[in-house]
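Below is one structure, written out as structure tokens, with a few remarks after it.
Number of protein chains: 2
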Amino acid sequence: MKISALMTSAGINIGICVLLWSLYSVLRKQPAFVRVYFGRRIAEENRLLREAFILERFVPSTGWIVKALQCTEEELLAAAGLDAVAFNRMLVFSIRIFSLAAILCLFGILPVHYFGRKMHRLEISSEQLHMFTVGNVEVQSRWLWVHSIVLYIISGVACFLLYVEYGHIARLRLLHLKRATLNPGQFTVLVRGIPKTANESCSSDVDDFFTKYHASSYLFHQVVYKAGKVQKIMTGAKKACGMSGPSTDTTLDQRCKAVTYPCCLCGASSDSFQLLPTDEVAKNIDKKECAAAFVFFKTRYGALVASEALQTSNPTKWVTDLAPEPDDVYWSNIWLPYKQLWIRRIATVLGSLVFLVLFVVPVAFIQGLSQLDQLQKKLPFLDGLLKKPYMSQIITGYLPSVILLLFLYTVSPIMILFSTMEGPTSHSERKKSACSKVLHFYIWNVFFVSLASGAVINQLNPSSSTKDIAVRLAHVIPEQTTFFITYVLTSGWASLSSELMQLFGLIYNFIIKYVLRMKEDIAFVPTFPYHTEIPKVMLFGLLGFSCSVLAPLILPFLLVYFFLGYVVYRNQLLNVYRMRYDSGGLYWPIVHNTVIFSLVLTQVICFGVFGLKESPVAAGFTIPPIFFILSFHQYCRTRFLPLFKTFPSQDLIDLDREDQRSGRMEHIHHGLRSAYRQFPDNEDIKLEQILTVGNDEDQDEGCSSGERNGEETCKEQEPRRDLCHSTLKGLPVSRLRDSVRSIALLWTAEKRSGDRALIN
Amino acid sequence: MKISALMTSAGINIGICVLLWSLYSVLRKQPAFVRVYFGRRIAEENRLLREAFILERFVPSTGWIVKALQCTEEELLAAAGLDAVAFNRMLVFSIRIFSLAAILCLFGILPVHYFGRKMHRLEISSEQLHMFTVGNVEVQSRWLWVHSIVLYIISGVACFLLYVEYGHIARLRLLHLKRATLNPGQFTVLVRGIPKTANESCSSDVDDFFTKYHASSYLFHQVVYKAGKVQKIMTGAKKACGMSGPSTDTTLDQRCKAVTYPCCLCGASSDSFQLLPTDEVAKNIDKKECAAAFVFFKTRYGALVASEALQTSNPTKWVTDLAPEPDDVYWSNIWLPYKQLWIRRIATVLGSLVFLVLFVVPVAFIQGLSQLDQLQKKLPFLDGLLKKPYMSQIITGYLPSVILLLFLYTVSPIMILFSTMEGPTSHSERKKSACSKVLHFYIWNVFFVSLASGAVINQLNPSSSTKDIAVRLAHVIPEQTTFFITYVLTSGWASLSSELMQLFGLIYNFIIKYVLRMKEDIAFVPTFPYHTEIPKVMLFGLLGFSCSVLAPLILPFLLVYFFLGYVVYRNQLLNVYRMRYDSGGLYWPIVHNTVIFSLVLTQVICFGVFGLKESPVAAGFTIPPIFFILSFHQYCRTRFLPLFKTFPSQDLIDLDREDQRSGRMEHIHHGLRSAYRQFPDNEDIKLEQILTVGNDEDQDEGCSSGERNGEETCKEQEPRRDLCHSTLKGLPVSRLRDSVRSIALLWTAEKRSGDRALIN
């Protein structure tokens with residue numbers, strides 16, 4: 001590829017970026033799109049924004065960039081959680097290390113490459129990009145020591161920065177633990193694999209077990225029911241009430257918060273369905289339905305101890321883990337039988353592998369496009385098309401990475417589907433698992449297959465023999481850089497801009513508002529897609545490290561990407577996405593491992609390239625850093641990793657004691673009772689609504705205990721109820737009654753188990 | 001290789017076996033060698049054996065075989081521990097699965113191979129061994145379905161048997177836990193990485209920490225001192241006293257037990273060195289020397305909880321692990337700073353890797369020998385030698401595996417050296433780590449490098465091209481079988497016989513007794529070398545699985561090996577080796593993983609071979625078992641592995657409660673005080689002896705508290721003391737005084753810390 005083709009690609013992308021960024025700076029000021037661009041702030045901060053026509057609204061501005069840059073880490077932590085901070089640190093780390101790498105490589109290595117071979121020089125713009133890579137250095141060149149030194153500096157500084165960041169995140173994690181004093185997850189253990197016993201109900205089994213073996217710290221428990229039956233009924237009920245779903249006003253001035261927590265706990269007093277159940281039936285259901293339980297402990301340390309111990313001699317029974325935070329619980333997985341999980345895990349791994357392999361087809365196709373001359377030879381009928389002036393530049397410079405980008409959009413939904421099937425019990429666990437899957441996918445399919453398919457296409461020449469393959473592989477890596485640079489331009493720059501624009505959100509908003517004319521669901525604010533963004537950034541990191549020394553021309557483009565990313569992601573985290581759950585910085589070990597992998601891979605690639613340049617000294621010099629990096633990794637594993645797997649008991653005990661001394665413990669224990677609710681708030685309403693259909697006389701009690709959300713929420717609820725009523729009345733009465741009866745039975749069973757726990 | 005060459009090799013080995021076995025059955029009845037062949041029984045059971053000349057003693061007999069076979073698992077468990085039972089189950093598993101494999105392969109697959117190609121047949125003895133391998137099956141043969149079915153049956157049955165055995169060992173492990181009520185290790189936590197504080201002594205640091213954070217279960221603690229100084233003094237003292245070391249009588253009738261526990265605890269009353277220390281000096285030493293501590297807990301569960309928790313926010317400080325049993329503690333490693341361990345681990349891994357790679361040289365050389373025709377071509381000057389009648393048969397059939405065997409003798413000492421450097425805190429951990437190292441070594445260097453070097457030698461032909469390599473690899477595997485069969489004969493059969501004969505023991509015994517005319521050290525009875533024997537047996541298992549279908553002729557030889565091994569190892573475990581420590585069946589997961597690896601590798605190899613036979617159906621049929629085996633492995637990991645990593649808290653709590661109810665707990669707590677002794681018994685004596693040199697007036701108190709070992713031990717001690725005295729008197733007095741002073745300081749420091757712990 002020529003420099004001019006690269007410039008074409010860069011030009012297109014810069015144009016797109018400028019367009020989208022200006023558009024964003026205008027659109028964000030339009031009240032119509034405020035829900036798209038300020039979802040988090042509306043949902044969490046109850047911002048007021050008045051509609052008024054001001055010209056300023058239509059002039060592109062840069063104030064938001066300043067705001068995004070000015071925001072401190074403290075503010076980010078408060079607004080978007082520890083995961084956001086970890087993500088931010090990842091960008092900071094990338095900017096730091098690649099700034100250094102860019103300076104060293106552009107001023108140190110690029111001249112060595114360009115003047116590496118004595119030859120006739122063209123104008124800069126018609127030079128092949130190849131001229132700027134290590135491919136242009138002569139065999140047995142004496143200048144390879146420059147490469148070695150730069151490699152040493154980059155590896156060393158990268159390790160140092162990694163160490164600092166790891167320590168920083170670990171410290172923040174501990175602070176996070178100490179601050180989040182009211183996180184019920186710290187007091188709670190999720191028990192799965194509760195064995196069936198013949199004579200007693202599951203709830204009392206749980207009770208017996210924990211009073212027997214964890215008497216000193218056990219508080220009470222709450223059974224999780226198999227979602228099978230209940231879920232079916234709920235779904236039926238939901239469908240019936242479906243049309244009343246998003247029940248909010250459009251005026252921006254209203255108190256939005258109330259909608260996020262609609263009148264949830266004003267459940268009808270339990271008397272309303274005491275008429276229904278008989279004891280025997282309830283017991284039967286109890287026995288059948290119980291799948292897991294949340295067990296609450298008096299202290300954080302008690303919960304930690306119970307969660308870490310192997311409970312019985314059968315490791316698949318009474319499996320205990322620290323419970324996720326209430327908002328983080330992934331209810332539709334929590335009732336999965338623990339015994340199934342291992343097979344689910346295997347199935348998921350298999351599925352991901354198959355997907356990974358099948359994806360090679362489009363990637364190889366794309367690589368074919370980027371190697372134009374090869375393609376021309378193979379498919380001579382394309383000659384006419386390819387000989388047109390700008391056509392070949394567009395095809396080699398822009399098309400391949402756009403196609404790859406489109407294909408890659410299918411990856412993260414599929415991977416998150418796989419991760420869901422795997423059976424994680426929390427949203428954050430699911431996202432983290434998807435994150436590693438997508439990361440593996442990117443590294444394999446974008447990086448390795450791109451390299452390999454370049455090599456394969458080269459190899460299709462008839463004059464192939466064993467010895468040549470090795471020589472060619474060394475060619476491939478610098479050659480593929482041209483593709484990687486265009487990939488940075490499209491997938492990096494352009495996708496950042498589309499992230500900023502929230503194209504999907506805009507379109508969705510537009511359709512909902514103007515096509516379907518539905519009310520906007522203000523409660524629906526997406527969470528940050530760590531599982532797509534972290535792998536993306538890490539992939540660019542990998543590209544940066546592995547190409548830095550061999551083809552330094554990629555570095556300025558990457559650096560721009562990281563700078564843009566820093567601004568965009570901070571802005572998005574502060575304004576658009578909502579933090580519903582937080583893994584507590586668990587993404588950092590993934591980031592750390594990937595950087596270590598990239599560093600080692602870089603050394604290995606350089607070893608190969610230097611070897612083929614017949615410079616054994618330079619090749620030999622790449623081996624010590626590998627051992628150094630791996631040792632450093634091992635050190636970080638011993639020094640920091642345990643902190644990301646469990647909590648230090650010293651801190652937990654100190655926290656417990658402080659709470660006990662200050663008398664806050666009582667309050668916390670009280671809060672635990674209502675912390676976890678299997679059938680979340682809106683569904684509770686529906687449950688209640690269904691029940692009121694069964695017992696019409698109780699209707700008025702509906703709002704009796706609605707203090708939590710203030711008066712206006714209760715008022716708001718009224719029209720919904722009427723709607724629901726009328727919808728439900730259309731259903732056959734017999735089916736409705738059945739549903740009501742089953743739910744009521746479950747309800748009382750749960751209540752009774754709670755009572756028993758209290759007595760004990 | 002021809003059948004006749006194989007028969008030569010088999011003949012030589014059978015001859016050696018018969019000779020050694022008969023010799024053993026005679027030698028074992030000679031009183032002179034009773035210490036070699038009945039070390040365990042003498043050390044543990046105090047056997048009486050009278051010297052009398054009976055003719056029967058010189059007639060070979062088979063009674064010992066019957067005895068070894070009759071011994072039940074219970075007896076084995078009692079005599080040699082759970083590790084021995086796990087080892088035994090490994091042999092039983094091998095016998096079962098390879099009996100089945102032998103039947104299926106010899107009657108099902110061997111005919112398919114022999115009649116696989118229509119050709120002129122020679123007499124059986126002149127047939128090439130190659131005739132009986134899959135190499136003789138025609139390309140696109142329709143008979144490969146037989147192979148597939150046999151593979152399926154073997155894999156399925158192997159998994160089933162593995163499951164049964166894993167469950168069995170796990171059950172035994174729990175039983176073992178429950179029975180070993182007086183194991184102090186269950187109550188003890190080993191703390192490393194104790195941080196230095198400015199103002200207090202280390203001992204009180206430990207005390208403060210555990211009374212603060214584990215107050216409910218903390219009992220007391222015992223500081224471990226850095227061995228540096230003390231060890232040096234001890235070594236000096238030992239050298240001085242060295243000649244008096246093994247102090248026993250030769251008559252067999254004496255009570256041997258007393259010697260194993262020489263008058264150890266009759267330490268001079270502590271008054272004897274209260275004159276020496278000043279408080280400041282003691283404190284200084286205390287601060288400098290403390291490296292780790294044994295912390296004792298009131299209950300087993302308390303110790304487990306403390307050992308599993310991450311203590312502080314710095315995971316390299318206050319590192320807690322369940323302590324090994326007192327006899328299992330590897331004292332010379334326990335004082336290693338915890339912070340060093342990660343770098344030691346890396347260094348060890350590097351060292352093992354280098355050793356692994358360097359070992360390729362001798363293995364490749366050996367493979368050269370076994371491929372006679374190739375060698376003849378390369379080294380024509382050997383022609384004359386190789387054309388002699390039996391010479392070539394011996395060279396191909398016998399020599400290679402003998403040389404390999406000799407080289408392999410260096411492996412286990414080197415690996416155990418590496419494992420020691422790694423810094424394990426217990427003997428059993430060290431042996432287990434060496435076991436995996438040796439296993440990796442065997443699998444890599446004996447199995448893979450043998451295969452690869454066979455392939456390399458073949459490849460030296462000038463007519464090499466890319467495509468041929470693949471075809472050749474399929475040839476290599478069945479071809480190398482001939483080498484593997486001879487390896488089974490030499491390394492398997494013959495080394496079993498030498499194990500039975502205890503050649504090293506015999507020679508050592510002979511030299512000690514008749515050349516050096518020293519007294520035998522009856523207390524020195526070796527422990528079973530699991531780290532060499534398990535890898536050996538597992539390697540044969542791997543050979544068996546991977547060759548079973550492709551070259552079934554190896555199976556009868558293997559089966560004989562496993563039968564012999566079953567008899568020999570049981571006999572050795574019962575009579576020769578002593579159980580000083582026991583890992584509690586932790587070797588089984590290694591065995592399990594290796595078998596799983598072997599099964600998967602078998603399928604992969606068959607996939608390759610069937611593919612080259614151009615039978616895509618048969619090749620395709622090898623893929624599903626791989627997934628089945630891996631899923632099974634994953635299931636076993638969830639179902640059984642946690643039991644081998646920790647103990648179920650339910651069982652521990654039940655045990656604790658039972659002990660508390662029966663009042664045994666008091667007794668156990670009392671026992672804990674003297675359970676762990678950094679300076680073991682004999683050294684205590686020397687310490688005391690040195691001290692008595694320093695304070696001559698205290699000499700008489702030496703035996704004051706020697707009740708534990710009865711009177712005669714005290715008497716025995718007298719001559720030793722005199723000897724020691726006279727030796728010590730030769731040393732410069734100033735150096736002696738210094739040594740004495742330092743030891744006394746340490747001694748009091750330790751005593752004071754114990755007292756403080758008592759008060760708290």
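Chains as they are written, first to last, in UniProt numbering: chain A, 1 to 760; chain B, 1 to 760.
Built from N, CA and C at the ideal position, the CB exists for glycine as well.
| query | Assuming R300/A contacts Q222/A under a Cβ cut-off of 8 angstroms, what Cβ separation, rounded to an integer in Å, is found between them? | reply | Along the first sequence, read from residue 1 onward, the residue named residue 300/A stands at position 300. Along the first sequence, read from residue 1 onward, the residue named residue 222/A stands at position 222. Not quite, the Cβ-Cβ distance comes to about 18 angstroms (not below 8 angstroms), so this is no contact.
| field | Residues that DSSP places opposite S631/B in a beta bridge | value | Residue numbering aside, residue 631/B sits at position 631 when the second sequence is read from its first letter. Answer by DSSP bridge pairing: none, since S631/B is not bridged.
| 7 angstroms Cβ cut-off: residues of chain A touching R639/B | For the purposes of this step, residue 639/B is identified with residue 639 of the second sequence, where counting begins at 1. Chain A residues near R639/B: P315 and T316.
| Would a C-beta distance cut-off of 7 angstroms place T8/B and A551/B closer than the cut-off? | Indexing the second sequence from 1 puts residue 8/B at position 8. Indexing the second sequence from 1 puts residue 551/B at position 551. Not in contact: T8/B and A551/B (Cβ atoms no closer than 7 angstroms).
| message | If contacts are defined as beta-carbon pairs under 8 angstroms, then G39/B and V568/B qualify, I think. What distance do you get, rounded to the angstrom? | response | Within the second sequence, numbered from 1, the residue matching residue 39/B stands at position 39. Within the second sequence, numbered from 1, the residue matching residue 568/B stands at position 568. No, G39/B and V568/B are not in contact; Cβ-Cβ is about 16 angstroms, not under 8 angstroms.
| Rounded C-alpha distance that separates V360/B from V329/A | Indexing the second sequence from 1 puts residue 360/B at position 360. Indexing the first sequence from 1 puts residue 329/A at position 329. About 54 angstroms.
| field | beta strand (DSSP E) segment containing L322/B, residue limits | value | Residue numbering aside, residue 322/B sits at position 322 when the second sequence is read from its first letter. Taken as a continuous stretch (DSSP letters only), the beta strand (DSSP E) holding L322/B covers V319 to L322.
| query | On the three-state DSSP scale, how would you describe H214/B? | reply | Position 214 of the second sequence, counted from the start, is the residue given in the question as residue 214/B. The answer is coil: DSSP assigns H214/B none of H, G, I, E or B.
| Using a C-beta to C-beta distance shorter than 8 angstroms, which residues of chain A count as neighbours of P642/B? | What you label residue 642/B is simply residue 642 of the second sequence in a count that begins at 1. The contacting residues are L310 and P315.
| Secondary structure at Q311/A, three-state DSSP: helix, strand or coil? | Looking up residue 311/A in the first sequence gives position 311. The answer is coil: DSSP assigns Q311/A none of H, G, I, E or B.
| field | the segment 151-159 of chain B touching the segment 626-636 of chain B, judged by at least three CB pairs closer than 8 angstroms | value | yes
| message | Taking CB distances under 7 angstroms as the criterion, tell me whether I14/A reaches chain B. | response | Residue numbering aside, residue 14/A sits at position 14 when the first sequence is read from its first letter. With 7 angstroms as the cut-off, I14/A does not count as an interface residue toward chain B.
| For S546/A versus L601/A, is the C-beta spacing smaller than 7 angstroms? | Along the first sequence, one-based indexing puts residue 546/A at 546. Along the first sequence, one-based indexing puts residue 601/A at 601. Going by C-beta atoms, S546/A is nearer than 7 angstroms to L601/A.
| request: Note down the Cα distance separating I14/A from N571/A, rounded to an integer number of angstroms. | output: Walking along the first sequence from the start, residue 14/A turns up at place 14. Walking along the first sequence from the start, residue 571/A turns up at place 571. One C-alpha to the other measures close to 20 angstroms.
| Within 10 angstroms of its Cβ, does G302/A collect 16 or more other Cβ (buried), or is it exposed? | As a working note, residue 302/A is residue 302 in the first sequence. Burial call: buried.
| said: Check whether the segment 71-80 of chain A and the segment 137-149 of chain A touch, using three or more Cβ-Cβ pairs below 8 angstroms as the test. | reply: no
| said: Just verifying my parser: in three-state terms, what is the DSSP assignment at Q222/A? | reply: For the purposes of this step, residue 222/A is identified with residue 222 of the first sequence, where counting begins at 1. DSSP places Q222/A in strand when its eight states are reduced to three.
| query | Name the chain A residues whose beta carbon is nearer than 7 angstroms to that of L174/B? | reply | The residue given as residue 174/B occupies position 174 in the second sequence. Here the neighbours are S313.
| said: Using 7 angstroms as the threshold, is the C-beta distance between V146/B and G116/B below it? | reply: Locating residue 146/B in the second sequence gives position 146, where the first residue counts as 1. Locating residue 116/B in the second sequence gives position 116, where the first residue counts as 1. No, the pair does not count as a contact, with Cβ atoms beyond the cut-off.
| task | Would you please state the rounded distance, in angstroms, between the beta carbons of T622/B and Q634/B? I believe it to be under 8 angstroms. | result | The count along the second sequence starts at 1 and reaches residue 622/B at position 622. The count along the second sequence starts at 1 and reaches residue 634/B at position 634. With 8 angstroms as the limit, T622/B and Q634/B do not qualify as a contact, their Cβ atoms being about 20 angstroms apart.
| message | Contact between the segment 501-520 of chain A and the segment 399-417 of chain A is defined here as three or more beta-carbon pairs at a separation below 8 angstroms; is this criterion met? | response | no
| message | Counting only Cβ pairs nearer than 7 angstroms, list the residues of chain A close to Y635/B. | response | One-based indexing of the second sequence puts residue 635/B at position 635. Residues of chain A passing the Cβ test: W342.
| query | What does Y213/A reach in chain C if we use C-beta pairs closer than 7 angstroms? | reply | The structure shown contains no chain C; the protein chains it does contain are A and B.
| From H176/A to D83/A, what distance separates their C-alpha atoms? | For the purposes of this step, residue 176/A is identified with residue 176 of the first sequence, where counting begins at 1. For the purposes of this step, residue 83/A is identified with residue 83 of the first sequence, where counting begins at 1. Distance between the alpha carbons of H176/A and D83/A is about 11 angstroms.
| message | Mapping the DSSP letters down to three states, classify E137/B as helix, strand or coil. | response | Here residue 137/B is taken as the residue at index 137 of the second sequence, counted from 1. Reading off the sequence shown, one finds Val at residue 137/B, where the question assumed Glu. In this structure, V137/B counts as coil in the three-state DSSP scheme.
| request: Grab the span of the alpha helix (DSSP H) containing C547/B for me, first residue to last. | output: Within the second sequence, the letter at position 547 stands for residue 547/B. Per DSSP, C547/B belongs to the alpha helix (DSSP H) from Y530 to S548.
| field | T622/A at chain B interface by Cβ criterion, 7 angstroms | value | For the purposes of this step, residue 622/A is taken as the residue at position 622 of the first sequence. No, no contact with chain B.
| request: Work out the CA separation of A32/A and R517/A for me, nearest whole Å. | output: Taking the first residue of the first sequence as 1, we reach residue 517/A at position 517. Taking the first residue of the first sequence as 1, we reach residue 32/A at position 32. Cα to Cα, R517/A sits roughly 14 angstroms from A32/A.
| query | Can you tell me whether DSSP reads A292/B as helix, strand or coil? | reply | What you label residue 292/B is simply residue 292 of the second sequence in a count that begins at 1. Reduced to three states, the DSSP call for A292/B is strand.
| query | Closer than 7 angstroms, CB to CB, is T646/A near chain B or not? | reply | Along the first sequence, read from residue 1 onward, the residue named residue 646/A stands at position 646. It does; some Cβ of chain B falls within 7 angstroms.
| Who pairs with V189/B in a beta bridge, going by DSSP? | Looking up residue 189/B in the second sequence gives position 189. Note: V189/B sits in a beta bridge opposite V295/B and L322/B.
| message | If you follow the alpha helix (DSSP H) that L82/B is in, where does it begin and where does it stop? | response | Counted from its first residue, the second sequence places residue 82/B at position 82. E73 to L104 is the span of the alpha helix (DSSP H), which, as asked, contains L82/B.
| message | Three Cβ pairs or more, each shorter than 8 angstroms: is that satisfied between the segment 414-430 of chain A and the segment 317-336 of chain A? | response | yes
| Do we get a CB-CB distance below 7 angstroms when we pair T8/A with the residues of chain B? | For the purposes of this step, residue 8/A is identified with residue 8 of the first sequence, where counting begins at 1. Closer than 7 angstroms: no.
| field | 6 angstroms Cβ shell around S313/B - same chain, five flanking residues per side excluded | value | Counting from one through the second sequence, the residue named residue 313/B turns up at place 313. Around S313/B: no qualifying Cβ.
| said: I need the straight-line Cα distance from H670/A to P324/A, nearest angstrom please. | reply: For the purposes of this step, residue 670/A is taken as the residue at position 670 of the first sequence. For the purposes of this step, residue 324/A is taken as the residue at position 324 of the first sequence. Straight-line Cα distance between these residues: approximately 18 angstroms.
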